[in-house]
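Numbering (the numbering used here), first residue to last: 278 to 654.
Structure representation (structure tokens):
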């Protein structure tokens with residue numbers, strides 16, 4: 278089995294786990310032949326319980342699945358944070374909210390309750406989209422599903438009936454599309470699957486009017502879930518002043534409630550004061566707001582993928598994360614990054630480079646401003 282695991286200790290643990298798993302589960306696999314996937318698919322389950330950006334990159338699977346199996350009901354398991362973006366998607370019949378304890382702070386009681394609920398359902402096909410041994414072991418193992426499809430590059434392939442081979446690193450959207458291509462789905466064109474209601478778009482326009490924001494304007498979202506993924510406060514402040522001075526375009530600073538302090542630190546270092554909406558928009562309003570933006574500048578984060586989904590030009594500032602897998606997806610998107618040799622071995626939680634955070638610190642405001650010129654002259 279070819280793995281996609283950076284941490285050596287995790288790789289060793291997964292390898293040992295797989296050896297034991299194959300020994301225990303092989304007799305069952307010999308006795309039970311895997312049926313063809315194309316036959317009698319009426320209930321489909323998709324599992325993507327990680328973070329908002331990861332859930333978004335799973336959504337392009339949905340339309341091809343529905344086209345291949347038009348009479349099938351699709352159930353989507355998503356984290357509570359990301360589930361809101363699924364609302365209104367015509368390809369999803371049921372949304373199940375679940376925050377797993379291996380990604381979020383959640384109780385064992387919540388997990389047991391969820392497993393009891395999901396085991397009461399019968400699925401013809403379950404697709405675990407992440408290739409994560411934790412989701413395979415703690416969710417897929419307990420499913421009453423005739424067919425179980427995923428990758429084995431994170432371990433746990435012995436828990437599946439169908440494994441898609443890992444052929445090398447690529448964008449995560451392509452990983453997801455490869456899963457459904459193995460089912461015979463046609464994947465021409467991308468439907469991101471984020472559908473806003475007219476009332477939500479109207480509310481965004483009311484916010485623009487109330488704040489006196491006139492188009493075109495540039496949005497900046499300086500936050501990220503992991504600290505190492507964040508470009509510097511000084512970099513964003515200098516960039517904001519360059520945009521105001523050189524382009525004269527309104528600048529709007531975005532962020533969650535938790536990121537207000539970060540946004541305020543940036544604004545306090547700027548000569549030209551932007552409009553601040555940090556903590557003012559929920560996730561769906563953020564999607565609508567980004568749809569109105571001429572450009573989004575941000576780190577590798579959920580808003581980056583939301584902007585790409587809304588077809589908004591996007592500049593992603595990348596440090597330790599791998600743009601090959603998680604860059605904003607689309608021809609109107611750009612990445613600003615520096616080629617540090619440690620990037621592909623970094624687990625993004627702890628910098629082990631002597632030049633601490635060097636991959637981000639090496640990016641200048643001029644580097645990002647030059648990328649803006651691809652979109653705004």
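Each residue gets a CB set at the ideal place from its N, CA and C atoms; glycine is no exception.
- The shortest C-alpha to C-alpha distance from residue 408 to any of 352, 443 and 585 is the one to 443.
- Secondary structure note for residue 559: it is in no alpha helix (DSSP H), with a DSSP letter that is neither H nor E.
- In the DSSP secondary-structure assignment, residue 405 is bridged to 324.
- In the structure shown, residue 498 falls within a strand segment according to DSSP collapsed to helix, strand and coil.
- For the options 471, 643 and 320, the alpha carbon positioned closest to that of residue 343 is the one of 320.
- Boundaries for residue 356: no beta strand (DSSP E) harbours it, and the DSSP string shows neither H nor E there.
- At the C-beta level, residue 590 and residue 652 come within 9 Å of one another.
- By the neighbour-count criterion, in which 16 or more other beta carbons inside 10 Å mark a residue as buried, residue 402 falls on the buried side.
- The DSSP assignment places complete beta strand (DSSP E) segments of no fewer than 3 residues inside the stretch 340 to 389 at 350 to 355 and 371 to 374, in order along the chain.
- When rounded, the separation of the alpha-carbon atoms in residue 632 and residue 619 is 11 Å.
- Bounds of the alpha helix (DSSP H) holding residue 519 are 510 to 519.
- Per DSSP, the continuous beta strand (DSSP E) segment holding residue 593 begins and ends at 591 to 594.
- Per the Cβ contact rule, the stretch 571 to 583 is in contact with the stretch 495 to 505 (3 or more Cβ pairs under 8 Å).
- Secondary structure at residue 425: strand, using DSSP grouped into helix, strand and coil.
- Rounded to whole angstroms, the separation of the alpha carbons of residue 581 and residue 566 is 13 Å.
- Assignment of residue 530 by DSSP, reduced to helix, strand and coil, places it in the strand class.
- Counting along the chain, no alpha helix (DSSP H) covers residue 448, and no H or E run does either.
- Under the 10 Å beta carbon count, residue 536 is surrounded by 16 or more other beta carbons and is classified as buried.
- In the same chain as residue 468, and ignoring 5 residues on each side of it, the C-beta atoms closer than 7 Å to its own belong to 337 and 340, in chain order.
- For the 9 Å CB-CB criterion, residue 326 and residue 376 form a contact.
- Ranked by Cα distance from residue 438, the options 428, 382, 445 and 446 are led by 428.
- Contact check for residue 562 against residue 484 passes: the beta carbons are separated by less than 9 Å.
- If you look at residue 634, you'll find it isn't in any beta strand (DSSP E); DSSP assigns it neither H nor E.
- Taken through DSSP and simplified to helix, strand or coil, residue 400 comes out as strand.
- Taking C-beta separations shorter than 6 Å and ignoring five residues to either side along the sequence, the partners of residue 637 in its chain run 508 and 596, following chain order.
- By the neighbour-count definition (other C-beta atoms within 10 Å, threshold 16), residue 331 is a buried residue.
- Residue 571 has its alpha-carbon roughly 10 Å from the corresponding atom of residue 526.
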